[in-house]
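Numbering (the UniProt record's numbering), first residue to last: 1 to 123.
Virtual Cβ for every residue (Gly too), placed ideally from N, Cα, C.
This one's a predicted model, so the numbers in the text were calculated from it and none came from an experiment.
Before any comments, here is the structure.
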C-alpha cells in the first residue's frame, strides 16, 4: 500500500500551492504593476475580514510602511505572479495604495553623448 502524500513539511510548515492562494487565478488588476512600485496600506479594515487570507493580512502588515512589490514577494517567499494577484485583490478593495516608481532622470541628449565620445577620442 502506498503511503498517503504528506501535506506538512517539517521545515516549511503546511504546504499550500500557489493556485490555492490565488483561488486558481493567474491574472488580476495588478498585472501591470511595476516590480519597484511602492505599496502602502491605507489603514482601512476590509468589509469582510473573511475575504482576506493570511498572506494578505501579512501584506497589510508589511505595507504599514511603503514597500516595493519585489520586497513583499521576498518577505512572503512567494512568486511575483502570486503576489501581484494578492495585491490586486487588496487594491480592488481599497486597502492598499500603489505608487508607481519615481521618474528617473531623463537620458542625456544625443549631442552631449557625441561631445563626450569626441572628447574621449581627443585624449
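Per DSSP, reduced to three states, the secondary structure at residue 59 is helical.
Counting C-beta atoms within 10 angstroms of its own C-beta, residue 89 has 16 or more neighbours from the protein chains shown and is therefore classed as buried.
With a cutoff of 8 angstroms on beta-carbon distance, residue 39 and residue 69 are scored as near each other. Cβ-Cβ separation between residue 100 and residue 34: approximately 6 angstroms, consistent with a contact (criterion under 8 angstroms). In the structure shown, residue 121 adopts helical secondary structure according to DSSP, grouped into three states. When the Cα atoms are used, residue 91 and residue 50 turn out to be separated by approximately 16 angstroms. Pairing residue 111 with residue 42 gives a Cβ-Cβ distance that is not under 8 angstroms. One thing to note: residue 76 has its Cβ within 8 angstroms of the Cβ of residue 55. If only complete runs of 3 or more residues are kept, the region 26-100 shows the beta strand (DSSP E) at 38-41 and 96-99, in order along the chain.
Assigned with DSSP and collapsed to three states, residue 116 falls in helix. Residue 45 sits exposed, since fewer than 16 C-beta atoms from the chains shown fall within 10 Å of its C-beta.
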